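Take a look at the structure set out below.
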Amino acid sequence: MKLLESISNLAGKYFAVLVIGVALIAFSIPGPFVGLGAYITILLGVVMFGMGLTLKPVDFKLVLSKPIPVIIGVASQYVLMPLVALMLAYLMNLPAELAAGLVLLGSVPGGTASNVMVYLAKGNLALSVAMTSLSTMLAPILTPLILLALAGQWLPVDPVAMFLSIVQVIIVPITLGILLRRIFPATVEKSATVVPLISVIAIIIIVSAVVAANVESITTSGLLIFSAVMLHNLLGLFLGYLAAVLMGLDESKRRAISIEVGMQNSGLGVALATAHFGPLAALPNVIAAVWHNISGPILATIWSKKRVTEGKDIKETKPISRQA
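Plus 6 on top of the position in the sequence shown (first one is 1) and you've got the working numbering.
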């Protein structure tokens, strides 16, 4: 178990390097990886099951006890990111499938890696976990509806089929993970250190499968869609932070909301795009899986060097003026 724990820690530490390395190998030698595309949904279910194993009732407590920052963050995520994706798709004149894939990327919930980035950035980890949990639970309803409204102009969207897909690959595995933790808490706690390793392996396989299936598309549109994904992420990080500033939240919450808004569950985007739109629409989400794990650690490193204290939100500290 000690060896597995060490390997798991190394895999988490060098996750971005591993993803980039595997993506380059799959791009250079696609043959061995193409067949893995059939297992994308199962692999994402494994990742979500792992997330369920790590969730505790206290993770949802913040939603009820201090809902305002959580609501601000989740609302920013589901409003700003799809609209930014739509704007970029128009401005960059993306082909239909890539445009739909980018909007899909903006419409999925927060990624699990964002919690690690918030922790490293000295952000409010409780808020980050609460946002990831709530946005994930809302995904079966909000993601299909947002796609129907914004991406239906490029490709047909079946919201009912997409709802069932999200329930299948996210809600069911997470629920099973939560139940297993509740029934066998001691056993789950002992194996908790290995869960990140399993998730890393699953995500790496997903990335390799989609890259291998889209070698030609990456060759012709790689720079264009990479630029779109990069801008989408950077704008999300900036707008998330700005939304928190405008609402008068403290610095630790600003960092948490910024990272949560900017980093999406690209694995879910890959699975939904592959199942409902086609392999090309999965490309923005695959590139996001790589890029988010570059920009996230860079931002977390910058912020980790700047001290931050979690205190009362700015608006709470302002004196209330009374008019005569």
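Yeah, the Cβ is synthetic: ideal placement off N, Cα and C, and Gly gets one too. Small disclaimer: the values here were computed from a predicted structure and weren't measured.
Per DSSP, the continuous alpha helix (DSSP H) segment holding Y96 begins and ends at P73 to L97. Taking the Cα of A95 as reference, the smallest distance to any Cα among L252, A250, F232 and S34 is reached at F232. Of the other Cβ atoms in all chains shown, fewer than 16 fall within 10 Å of the Cβ of A167; this residue is therefore exposed.
Within the same chain, W297 come within 7 Å of M236 by CB-CB distance, once the 5 residues on both sides are set aside. Here the alpha carbon of I35 sits roughly 25 Å from the alpha carbon of L274. By the neighbour-count criterion, in which a residue is buried when 16 or more other Cβ atoms sit within 10 angstroms of its Cβ, D256 is buried.
Per DSSP, reduced to three states, the secondary structure at Q174 is helical. In the same chain as L126, and ignoring 5 residues on each side of it, the C-beta atoms closer than 6 Å to its own belong to A306 and S310, in chain order. For P115, the closest of I177, P101 and E195 by C-alpha to C-alpha distance is I177. Between the alpha carbons of M253 and V40 lies a gap of roughly 47 Å. One alpha carbon belongs to Q270, the other to M87, and they sit about 9 Å apart.
If you look at N291, you'll find it in the alpha helix (DSSP H) that goes P285 to S310. Excluding five sequence positions before and after L286, the CB atoms of its chain that fall closer than 6 Å to its own CB belong to E103 and S223, given in chain order. For V251, the CB contacts under 8 Å within the same chain, skipping 5 residues up- and downstream, are R260 in chain order. Here G158 carries a coil assignment [DSSP, helix/strand/coil].
Using a Cβ distance threshold of 8 Å, L133 and G79 count as a contacting pair. Inter-residue distance for L59 and S264 is about 25 Å (C-alpha atoms, whole angstroms). The Cβ atoms of V216 and V109 lie no closer than 8 Å to each other. G27 is not a Cβ neighbour of A219, given a cutoff of 8 Å. Nearest to G284 by C-alpha distance, out of A105, N99 and L170, is A105. With respect to T142, I180 sits close: the two C-beta atoms are nearer than 8 Å. V175 has its alpha-carbon roughly 7 Å from the corresponding atom of I48.
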